[in-house]
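*Asks:* The UniProt record's numbering applies: residue 1 is where the sequence shown begins, and numbers increase by one. The beta carbon of each residue, even a glycine, is placed where N, CA and C say it ideally should be. Small disclaimer: the values here were computed from a predicted structure and weren't measured. The structure is given below, and queries will be raised subsequently.
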Amino acid sequence: HRSGTPCCSAAESYTSDGVNIVQDPKISFVSQSSSVMLHCTQDKTNHNMMSWYRRRQDTQDLELLAFSVGKDNAKIEPPFDKADKYIMTRPEVLKGTLQIEKLEAADSALYYCATSLTQ
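Written out as structure tokens, the structure is:
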């Protein structure tokens, strides 16, 4: 039994353009005002770009939250860069995390990690 409010669902593992992407946790139940960390792992060392998107239940639009070109080079996109709510880390090209602080009902969404070659 899980307690708390359903907050953040990571998209299922998938393969895109020959890249295997694994996200976890699949579903996170958290208390409001707490935080959650989503993990992304991919298997192509030449995919330097990693991005985090979210899609809320009331829309089909994907919102770009953060991206990183290479390791240790993460940037939170406006308007999400306010108030230190989102923290992206990328300690290596194959792995990244998105931490969401001070959770509230509006954060309930499906979160996607995507990777690509640097253009």
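Quick check on the burial criterion: 16 or more other C-beta atoms within 10 angstroms. Buried or exposed for residue 60?
*Replies:* Under this definition residue 60 is an exposed residue.
*Asks:* What's the gap between the Cα of residue 80 and the Cα of residue 65?
*Replies:* Looking at the two C-alpha atoms, the distance is approximately 6 Å.
*Asks:* Taking only three categories from DSSP, how would you classify residue 81?
*Replies:* Residue 81 falls in the coil class under three-state DSSP.
*Asks:* Check whether the Cβ atoms of residue 48 and residue 97 lie closer than 8 Å to each other.
*Replies:* Taking 8 Å as the Cβ cut-off, residue 48 and residue 97 do not qualify as a contacting pair.
*Asks:* Alpha carbon to alpha carbon, how far is residue 31 from residue 1? Give it in angstroms, no decimals.
*Replies:* With a pLDDT of 37 at residue 1, under the threshold of 50, the predicted position of this residue should be treated as unreliable, and no value is reported.
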